[in-house]
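Below you'll find the structure, written out as structure tokens, and then a few comments.
Set out below in structure tokens:
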């Protein structure tokens, strides 16, 4: 469609406004994460550092901030032992201070949480791909008594909200001493009626001829499933995998109920504990948030196509 | 049963088996168990006692349970749904015009979809901080009064909803964008020949053809909004206060007070609320929902 100059500039304006709405919270958190503890709330977009520059007696000097005294700083002039108290405004350096990151990294065992999250999310993703694709194959291609009834039953359970399921699952896991274990988070995630449904819908779009040819050649059903169905479903499986992985990677509700041992926490649950302990220490909290957000952004940039496709598949085809 | 159909059944169930085990243990079983449990009083430490409908009675009619106020809080969060759909529709429509820099805008608008809700909630709790939050800074600069976003019972829900819209709109934008890309260009071309303006085309072509996307986003949005949990717990450090909704109540009753029967009854009431509201949506949109 052709656009006039007015429409064009209105569009740009709206795009910039929306970008600001999405980016400013990040930017502000990032700025805060590199501020000194006493300066978190100075409202500045650029953080001070201990080693700064300041305008002293009309000329720019290298200074070192020794102490914060309310609205003033005690500074030592570079290369001398001279101490001076100056108003904050004269200190101008903008170099970031990474101390909050080091602190957050020491306080929160991010490495450990990261590995826990990887382990749990990978198991759930692989498990769901296997169980859902097998089930989807049965529902879309095989004839057996009770098939349609069972499929309807699967569909009917999609409406049931999580808490209806999680209370009994909690009791079950407790009975088998699986609370506070990786298995407690993984096992209930190995199956999904929704995933089965999505893959069935996809399998139905694959022409039967390819399969029939293999069957006539004497291949068994398992072979057809492995050699014909799965290879033809690459995009759908990849989309489901990304969708499930992101879902379990970010899940908070169930892991926060099951996991209590500090060594076994996933990234979101561990981060939430950190948040509850270091209330209002925003410099560290924002550093922690940034550390946990960074891998997700990196992964998004690498797998953009799969991720959007996963979202779309979960949505419109569903 | 002939040998052949028997063999077929065995094959069918063999494929289904792994999923069926999971379905039975972690979906169907729990549903039935939860239904039964809702008629018992059970604290996990002593045996369950049958109490008939006492749990439901207590929830719905005893003022001490505050059920109606929690339900009201749950319903408040439904406001998230139209807001995030509106933001998303605007974002997706702009992207669909293929502006300069579309690739970059797409990354910016889509990225919240992969972010864990915990760090996002932490960031928003900071933005909404009473003393030092950016939002209050802005309000102050405009001459307004500071708002105790996360403490004042009147403001805690809007504060949390704002964060939920920020994050939830990304998912909706992706869905809307895909749907917009699916609308054939010819429709617009024909309308242009007929002399339809931009706004006209949007109202008469784009919006109706997005029907399935509207319904999908409305229904999943309602389900999500009624199950809002992590943002509330993270932003309030577990003291939900004025944002204490039905999900938080189930959580409190089940995993802090271990009243499993009572919590099950509550969960079923929540299911009914979700079911009724989604049904209303489906009914209104049945015609446009014909896409599967």
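Protein chains in written order, with the numbering used here: chain A, 1 to 318; chain B, 1001 to 1292. A virtual CB, placed ideally from N, CA and C, is assigned to each residue, including glycine.
| Query | Result |
| --- | --- |
| Do the region 1196–1209 of chain B and the region 1105–1125 of chain B touch if we need at least three Cβ pairs shorter than 8 Å? | no |
| Quick one: Cα of residue 302 of chain A to Cα of residue 242 of chain A, how far? | 12 Å |
| Taking DSSP's pairing of strands, which residues face residue 1033 of chain B in a bridge? | Per DSSP, none; premise fails for residue 1033 of chain B. |
| Since residue 277 of chain A is in the alpha helix (DSSP H), which residue starts that stretch and which ends it? | 267–277 |
| Name the chain A residues whose beta carbon is nearer than 8 Å to that of residue 1282 of chain B? | Within chain A, no residue comes near residue 1282 of chain B; the closest Cβ sits about 11 Å away, beyond 8 Å. |
| Nearest-angstrom Cα distance between residue 1083 of chain B and residue 247 of chain A? | 23 Å |
| Since residue 1091 of chain B is in the alpha helix (DSSP H), which residue starts that stretch and which ends it? | 1080–1096 |
| Strictly below 7 Å CB to CB, what residues from chain A border residue 1011 of chain B? | 142, 221 |
| For residue 1267 of chain B, count neighbouring Cβ atoms within 10 angstroms of its own Cβ and tell me buried if that reaches 16, exposed if not. | buried |
| Using a beta-carbon distance cut-off of less than 9 Å, what residues from the region 1079–1091 of chain B approach chain A? | 1087, 1090, 1091 |
| How long is the line joining the alpha carbons of residue 1183 of chain B and residue 1226 of chain B, rounded to whole angstroms? | 31 Å |
| Nearest to residue 88 of chain A by alpha carbon, out of A:288, A:54, A:9, A:62? | A:54 |
| In three-state terms, what does DSSP make of residue 53 of chain A? | strand |
| What are the residues of the region 1120–1152 of chain B that lie near chain A, defined by any Cβ-Cβ distance shorter than 9 Å? | 1120, 1121, 1122, 1123, 1124, 1125, 1126, 1127, 1129, 1131, 1132, 1134, 1137 |
| Counting only the same chain and skipping the five closest in sequence on each side, list residues whose C-beta sits under 6 Å from that of residue 133 of chain A. | 199 |
| Just the C-alpha distance for residue 309 of chain A and residue 203 of chain A, rounded to the nearest angstrom, thanks. | 17 Å |
| State the beta-bridge partners of residue 75 of chain A as determined by DSSP. | A:65, A:84 |
| Give me the chain B residues within the contact set of residue 191 of chain A, using Cβ-Cβ distance strictly less than 9 Å, ordered along the chain. | 1018, 1019, 1020, 1021, 1022, 1023, 1025, 1026, 1027 |
| Can you tell me whether residue 120 of chain A is helix, strand or coil according to DSSP? | helix |
| Determine the DSSP secondary structure at residue 1229 of chain B, reduced to helix, strand or coil. | coil |
| Helix, strand or coil: how does DSSP classify residue 1039 of chain B here? | coil |
| Would you identify the three-state DSSP class for residue 60 of chain A, choosing helix, strand or coil? | strand |
| Does residue 128 of chain A pass the burial test, meaning 16 or more other C-beta atoms within 10 Å, or should it be called exposed? | buried |
| Between residue 1227 of chain B and chain A, is the shortest Cβ-Cβ distance under 8 Å, so that the two count as touching? | yes |
| Cβ of residue 106 of chain A less than 8 Å from any chain B Cβ? | no |
| Excluding five sequence neighbours on each side, which residues of the same chain lie with their C-beta closer than 6 Å to the C-beta of residue 1213 of chain B? | 1175, 1176, 1179 |
| Please check if any C-beta of chain B sits within less than 8 Å of the C-beta of residue 132 of chain A. | yes |
| When you compare only the Cα positions, how much space is there between residue 1062 of chain B and residue 1068 of chain B? | 10 Å |
| For residue 1230 of chain B, which residues in chain A fall below 7 Å Cβ to Cβ? | 252, 253 |
| Can you tell me whether DSSP reads residue 1202 of chain B as helix, strand or coil? | helix |
| I need the boundaries of the alpha helix (DSSP H) containing residue 1181 of chain B, first residue and last residue. | 1156–1181 |
| Measure the Cβ-Cβ separation of residue 1081 of chain B and residue 1218 of chain B and say whether it is below 8 Å. | yes |
| Using the three-state DSSP reduction, which class does residue 1049 of chain B fall into: helix, strand or coil? | strand |
| Answer with buried or exposed for residue 80 of chain A, where buried requires no fewer than 16 other C-beta atoms within 10 angstroms of its C-beta. | exposed |
| With which residues is residue 91 of chain A paired in a DSSP beta bridge? | A:54 |
| Leaving aside the five residues before and after residue 12 of chain A along the sequence, list all residues of the same chain whose C-beta is less than 7 Å from its C-beta, in chain order. | none |
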